[in-house]
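Enquirer: Here it is, the structure in full.
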Amino acid sequence: MKTLRAALLLWTVAACAETDDPLEEVDETGFQKCRDALKLPVLEVLPGGGWDNLRNMDMGRVMALTYTHCRTTEDGQYIIPNEVFTVPQKQSALEMNSEILESWMDYKSSTSSSINLDISLFSKVNGKFSAEFQRLKTLQVRDQAFTTRVEVRNVIYTVKINPASELTWEFKKELLDISDVALCPNLEQKNPLTGDFSCPSGYTAVRLLSQIHEEGYNHLECKKKCTLYIFCKTVCEDVFRVARAQFRAFWCAASSQDLGNLGLLFGGLFSSRSVNPLTNQQSCPAGYTILNLFETLKVCVTQDYELGHRFSIPFGGFFSCAVGNPLINSTLSRDLQKRCPGGFSQHLALISDGCQVSYCVRAGAFTGWSLPTARLPPFTRPPLMSQAATNTVIVTNSESSSSWFRDSQTHRWRLGEPQELRRTMRNIQGENGGLSGGAAVGVSVAVTSLLAALIALAFYGIRKYRSKGHHAINREQERLLPETAPGTIPELEPEHQAA
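Throughout the sequence shown, residue numbering follows mature numbering (1 follows the signal peptide of the UniProt record, and there is no 0), covering -19 to -1, 1 to 480 in sequence.
This is the structure:
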């Protein structure tokens, strides 16, 4: 059987994340010490700052400026930082300019026009949001006026910054945070045969597996908390977050056997938990290069058919728990494709988040080499919440319907069953949020007593209201009785009857 060859590649499709590094110490020796010693002013116009080209506004330092050496300009007139140097402009004439601006569209900043004229995609809007420009535009449009401007310039120095200067620790921290967000570069692997995420002619791309890569990081977040909108304070806390990147692993399967020396020679593979059977180490044979597959798997390949043929092994493809091997007979059912072609034996490449990935080599190729070591569970990654110093005891994943539990004694995470999740949740609710039997009885008795008291008060109020009405009628009758003589009966008027 002819050698089966494959080219491997890996890429990612999405990412998002962050990591905090320890902050550097700030040099507290400022220009005040130099100014007190030399009795000189400090040069104010300095490079190395962040600039908002839309608003013509200084946004803070980018390059670190220190005054430990108390350096001055060549003429000894100004104190300058260690990281800059000045070039004196030896001229005595003053630059005097005057102009009339009939339209606000002709306005150019007197201090940052060279920056605003930078050719870019949005160069026409540069400086248009500055306070100076908006004030000029408002006055000209509202008052239908024109503007005159007179300038006198005395150019003394050209200030330049040393290319070897360091960034400020604040700006460096932001850059590190941004760079750590990009998870994809560490997962990407281009095909060496094409230099891109594609297969060469005569090969078919086969998706081996799609997974989610996660990385945890701590981030300091500060929020303003107020009481009654008056008493406010800033509260900072170390927040744990998880960044995720989805990646898909592909390999290129040969479409036919007549490809010549177009493919790659296979020299084994290894991971962070396994060795290469050909070298018995976590390395590749001499002359072989490493291609990254998944997060920890390293595949050894070479294009040198002359020197690399000594360590090459006939390769029979990859397959995983989700995708079969396209190099076997395609007329068979899809379930049977998760195996090796005839004459090839299957070997474990890695178990990636519970999914087994295997590769096929010529049967007997590893005979005489050391036997593989046992792979012990767990085969899934513990939750990233374990990196945070919290009291979290349960972490659930709604996508995979899995739950992780942290042991109260060893503080180690283990994968649990759904029944254990329900039992643990009942225990937590019973300890923290639920009521014991005695407490429930006490609450029931208290509520019943309160309702009985309310009902009794209602009846008492009604009876008292009715008794007040009877007392009023009796008093009225007692008042009317003395007006009638005792023992006499008032005569009744005769009734008129109709004839």
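Positions of the beta carbon are idealized from the N, C-alpha and C atoms, including for glycine.
In this text, all values refer to a predicted model and were calculated from it rather than measured experimentally.
Label residue 190 either buried or exposed according to how many other C-beta atoms from any shown protein chain fall within 10 Å of its C-beta, with 16 as the threshold for buried.
Expert: Residue 190 is buried by the Cβ-count criterion.
Enquirer: For residue 134, which option in 48, 24, 91 has the closest C-alpha, if you only look at C-alpha atoms?
Expert: The shortest Cα separation from residue 134 among 48, 24, 91 belongs to 91.
Enquirer: Specify the secondary structure class of residue 224 as computed by DSSP and reduced to three states.
Expert: If DSSP states are grouped into helix, strand and coil, residue 224 belongs with the strands.
Enquirer: Using 9 Å as the limit for Cβ to Cβ distance, is residue 142 near chain C?
Expert: Considering every chain present, this structure includes no chain C. It has just one protein chain.
Enquirer: If the criterion is Cβ atoms closer than 9 Å, does the pair residue 252 and residue 277 meet it?
Expert: Yes, the pair counts as a contact, with Cβ atoms nearer than the cut-off.
Enquirer: Taking the beta carbon of residue 203 as the centre, do at least 16 other beta carbons fall within 10 Å, making it buried, or is it exposed?
Expert: Residue 203 should be labelled exposed.
Enquirer: Output the distance between the C-alpha atoms of residue 108 and residue 114, rounded to the nearest integer angstrom.
Expert: Spanning the two alpha carbons is a distance of roughly 7 Å.
Enquirer: DSSP three-state label for residue 425, please.
Expert: Residue 425: helix per DSSP, three-state reduction.
Enquirer: From residue 169 to residue 144, what distance separates their C-alpha atoms?
Expert: Cα to Cα, the separation comes out at about 32 Å.
Enquirer: Run through the stretch 240 to 299 for me and flag every whole beta strand (DSSP E) of 3 or more residues, listed as ranges in chain order.
Expert: List check, beta strand (DSSP E) in window: 246 to 251, 270 to 274, 278 to 283.
Enquirer: Which residues share a DSSP beta bridge with residue 197?
Expert: DSSP output for residue 197 lists 223 as bridge partner(s).
Enquirer: Tell me, please, which residues DSSP counts as bridged to residue 184.
Expert: BP columns for residue 184 point to 235.
Enquirer: With a threshold of 16 other CB atoms inside 10 Å of the CB of residue 258, please say whether the residue is buried or exposed.
Expert: Buried.
Enquirer: Run through the DSSP bridge pairs and tell me what residue 172 is partnered with.
Expert: BP columns for residue 172 point to 177.
Enquirer: State buried or exposed for residue 9, treating a residue as buried only when at least 16 other CB atoms are found within 10 Å of its CB.
Expert: Bear in mind that the predicted position of residue 9 carries a pLDDT of just 42, short of 50, making it unreliable; the figure below should be weighed with that in mind. With fewer than 16 Cβ atoms within 10 Å of its Cβ, residue 9 is classed as exposed.
Enquirer: Less than 8 Å between C-beta atoms, sequence neighbours within five positions excluded: which residues of the same chain meet that for residue 155?
Expert: Cβ within range, chain order: n/a, list empty.
Enquirer: Under the rule that 16 or more other beta-carbon atoms within 10 Å means buried, what is residue 187, buried or exposed?
Expert: Residue 187 comes out buried.
Enquirer: By DSSP, does residue 484 sit in helix, in strand, or in coil?
Expert: Since the displayed the chain opens at -19 and closes at 480, residue 484 lies outside it and no answer follows.
Enquirer: Helix, strand or coil: how does DSSP classify residue 347 here?
Expert: Three-state DSSP puts residue 347 in coil, outside helix and strand.
Enquirer: Can you name, in chain order, every residue of its own chain whose Cβ lies under 6 Å from the Cβ of residue 289, other than the five neighbours on each side?
Expert: Excluding residues within five positions, the ones whose Cβ falls inside 6 Å are 246, 268, 283.
Enquirer: Please list, in chain order, all residues of the same chain as residue 80 whose beta carbon is under 6 Å from its beta carbon, the five residues on each side excluded.
Expert: Here the set comprises 130.
Enquirer: Specify the secondary structure class of residue 119 as computed by DSSP and reduced to three states.
Expert: Of the three classes helix, strand and coil, the one that applies to residue 119 here is helix, per DSSP.
Enquirer: Along the beta strand (DSSP E) that carries residue 83, what are the first and last residues, could you check?
Expert: From DSSP, residue 83 is part of no beta strand (DSSP E); its letter is neither H nor E.
Enquirer: Does DSSP put residue 167 in a helix, a strand or coil?
Expert: Note: residue 167 maps to helix in three-state DSSP.
Enquirer: Once you ignore the five residues that flank residue 78 on each side, which residues in its own chain have a CB closer than 6 Å to its CB?
Expert: Excluding residues within five positions, the ones whose Cβ falls inside 6 Å are 132.
Enquirer: Per DSSP, what kind of secondary structure is residue 18 in: helix, strand or coil?
Expert: It is helical.
Enquirer: For residue 318, tell me which candidate among 308, 324, 331 has the shortest Cα-Cα distance.
Expert: If we check each option's Cα against that of residue 318, 308 comes out closest.
Enquirer: Report yes if the C-beta distance between residue 286 and residue 234 is below 9 Å; otherwise report no.
Expert: The answer is no: Cβ separation not under 9 Å.
Enquirer: Give me the DSSP bridge partner(s) of residue 32.
Expert: 39, per the DSSP bridge assignment.
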